[in-house]
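What follows is a set of notes on a single structure, which appears directly below.
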Amino acid sequence: MALPEGVSEPPSLLRAAAVSPAPSAGSPVLPGEITQANDKAQDLGADSNDTKKDAESVVDSMALRQLDKRWCSGMQRNSAMIAAELYAEQADVTFDEVVTARKLKTKQHKLQQMRFLLLPGSPQLNAWRATMVITVLLAVLSAPLEMAFSHSQLVSNLFWASKLIDVLFWLDMFVTFNVATSSHGRMETCRRTLAQNYAKTWLVPDFLINFPWDDVLQEHGKTRKIAKILKLPKVFRVTRLLRVADEEAQFFGTAANIGGFLLMGHYLACIWVGLLVDCTKELDTQHLCPDMLTAYLQGLSVGMASLAGSDSWTRFSIEQASTTEPWSFQWHAFYTALCELVAALSCLLGVILVGMLYSNLAHAMDRHHSHTRLFHARVSNLQAAAHQHAIPKELFGRIKRHYYYVWSCGSDTSKAILTDSTLSLDLRRELAYCFYGDILKQVPFLEMTDKHFLQQICEFVEIEIFAAQDRIICAGDVGTELYFVAVGEVEVVVPSGHVEERGTVIKTLHEGSFFGELGLLFPDSKHKVDVYGSTAGWLLVVPRGTLEKFCTEELLETFRFVALERLRKHSEMATGAVEEPQVEAYKLMLEHTQRLVTKRFVRAQIAV
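Numbering (UniProt numbering), first residue to last: 1 to 608.
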């Protein structure tokens, strides 16, 4: 690449030192011999002209030592190894190349983890969930019938269907270990984490519910009541249906509550039949047992009456029709204690369910959840605007998807918490660091920075959410902010000169990278490129004044050096030579770099 006249290529040591700031708040840690030399240099002094000549001679010996300190000091995700691999191929390793290589390596590892995982929204997972919804509905309907009417030939004929349902539930437990989860725009693919999350929540209940207690513990000599009790755990498969309803509650909350009310009536009908009808298969073959449909309907009437909180269930006892029908749906003793207890619990449960129904109705009308209410309000405003103005269908869909992504990330909630004036400054900083600290640490040379420094930066962070194809930065705008990629990817595009044409993509920035750094190099400078969202994601936006206030000069030098690298790469890709105004930027950056390297090299020599 041709350099401008009067400007020379900086040695590797210059690049290394320029991005290896001294140990202080907001800067990475330097090698021990250099850190110990800082105080000595202030007292002894040194002749920088003599030591400048020695800088070039130690480039080869110190290049590898400085390599780990260049972009990835103290990295915990093998960034130093990645940088070393890149350095083996070419000596000029840039910040973006390290971040991209680390992203590719992480992506390869994630793809390897996802080989046998079902991803959220995938056709395979949607098909399995649809299958399990049907299976759960069949299970919650058949399990109480199997417990109450075990004597019926019709239930016996459904034996293999019941076993198939059991197998599907065991398969669902296995599939749950292999389903990736998504939260706040990030996908969790670590099998160990997925297994731990399942083990902490539903693994034990699912095992107890799906275990075939009736087949393992049932013996020939056990009574019919014990046999019914052994089938009781399968009745609790309704919890699987409740989990599905909870996941999709925003779509059918009220309808699910009404369905749950009817389902509880079905359960109570079977419980009443199980309590009051004590029949055997032998009697059923002799047609001496009550009709299954008649007994079920009477039990349903009793169950619904008790759920409504009424004692009118006492009228539904079937009187013995004749001496030829010894079995009837009636008490064995007048108002037995067990029946009274079941009736009382049914009334209590009915009151709770009715209260939940009214609550869900109020929730549906009022949208009590503030974050969800805000989402629906935004969509309603968009629909109203579409009626007033001719919004293109493609733009309408993009905006709606953007609103849904904002709702799924919960970013409005976190922003509202950080603006709570009742929180002290320390609590706000701790909370902001909890939200954004790990994201800023994705930048290689920020990972080992001081926590207090990151807390100060996080306090002034703003979130900007973008959708795919959104233009985040427009060429020609004045740069006053630095953007950190938190989730998703962005594309750097050279303007084509035509308004309707997008231009050429020259770089894709991933999580752990940043852009807008020219605002740190030249105040009030204008952006030279456009930046578009490649996928949906969100950014952390830090004002230039915040960085200048809290960052050390060495750390600001690192940001400026990245800006210089990108200017040179951009010019090289465009014309093969550095052009104005990059020439002045390059000269200015070299002056900063040479002064910094000379000062540190002098201190290192004094320490030796």
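From the three backbone atoms N, C-alpha and C, an ideal C-beta is built for every residue, glycine too.
Bear in mind that the values here come from a model prediction, so they are computed numbers and not experimental data.
Three-state class that DSSP yields for residue i in the structure shown
i: Met147; result: helix
i: Val505; result: strand
i: Val140; result: helix
i: Asp68; result: Its pLDDT being 42, under 50, Asp68 is placed unreliably in this model, and the value from its coordinates should be taken loosely. Asp68 falls in the helix class under three-state DSSP.
i: residue 634; result: Because the chain spans 1 through 608 in this model, residue 634 falls outside it and cannot be assessed.
i: Leu118; result: strand
i: Asp438; result: helix
i: Ser306; result: helix
i: Cys270; result: helix
i: Glu447; result: coil
i: Ala386; result: helix
i: Cys409; result: helix
i: Cys289; result: coil
i: Ile417; result: helix
i: His376; result: helix
i: Val461; result: coil
i: Ser346; result: helix
i: Phe334; result: Below a pLDDT of 50, predicted positions are generally treated as unreliable, and Phe334, at 48, falls in that range; the measurement from the model is reported next regardless. Here Phe334 sits in coil by DSSP.
i: residue 687; result: Limits of the chain in this structure are 1 at one end and 608 at the other, which puts residue 687 out of reach.
i: Trp170; result: helix
i: His109; result: helix
i: Thr135; result: helix
i: Ile391; result: coil
i: Leu158; result: coil
i: Ser359; result: helix
i: Arg237; result: coil
i: residue 648; result: Because the chain is modelled from 1 through 608, residue 648 falls outside the range shown and cannot be assessed.
i: Met75; result: At Met75, the pLDDT of 40 sits below 50, so the modelled position is not reliable; the number obtained from the coordinates is stated separately. Correct three-state label for Met75: coil.
i: Pro212; result: coil
Those residues which DSSP pairs with residue i across a bridge
i: Ile473; result: Val531
i: Phe466; result: Gly537
i: Tyr483; result: Phe515 and Val541
i: Asp526; result: The displayed chain sequence assigns Lys, not Asp, to residue 526. Partner(s): Val478.
i: Ser182; result: Met187
i: Val494; result: Thr504
Whether residue i touches residue j by CB criterion (8 Å)
i: Val529; j: Ala475; result: yes
i: Arg544; j: Glu481; result: yes
i: Leu268; j: Ser346; result: yes
i: Tyr403; j: Val379; result: yes
i: Tyr532; j: Asp470; result: yes
i: Asp172; j: Met132; result: yes
i: Ile473; j: Gly537; result: no
i: Met356; j: Phe149; result: no
i: Ile439; j: Val542; result: no
i: Ala485; j: Leu539; result: The sequence given here places Val at residue 485; Ala does not occur at that position. Yes, they are a contact pair.
i: Gly437; j: Leu425; result: no
i: Ala385; j: Ile391; result: yes
i: Phe261; j: Leu353; result: yes
i: Leu118; j: Gln112; result: no
i: Val277; j: Pro290; result: yes
i: Gly259; j: Leu307; result: no
i: Ala139; j: Ile165; result: yes
i: Thr193; j: Ala180; result: no
i: Pro120; j: Ser182; result: yes
i: Leu527; j: Gly479; result: The sequence as given places His at residue 527; Leu does not occur at that position. It is a contact, given that the beta carbons lie within the stated cut-off.
i: Tyr483; j: Phe435; result: no
i: Glu565; j: Thr94; result: yes
i: Val216; j: Pro444; result: no
Q) Do the region 171-183 and the region 193-203 make contact, defined as three or more Cβ pairs closer than 8 Å? A) yes
Is the region 269-279 in contact with the region 133-150, if contact means three or more CB pairs nearer than 8 Å?
yes
The region 512-525 contacting the region 453-464, beta-carbon criterion three pairs below 8 Å:
no
_Stretch pair the region 99-118 + the region 510-518: three plus CB contacts closer than 8 Å_ = yes
inquiry  = Under 8 Å: do the region 386-404 and the region 442-461 share three or more Cβ pairs, one atom per stretch?
reply    = no
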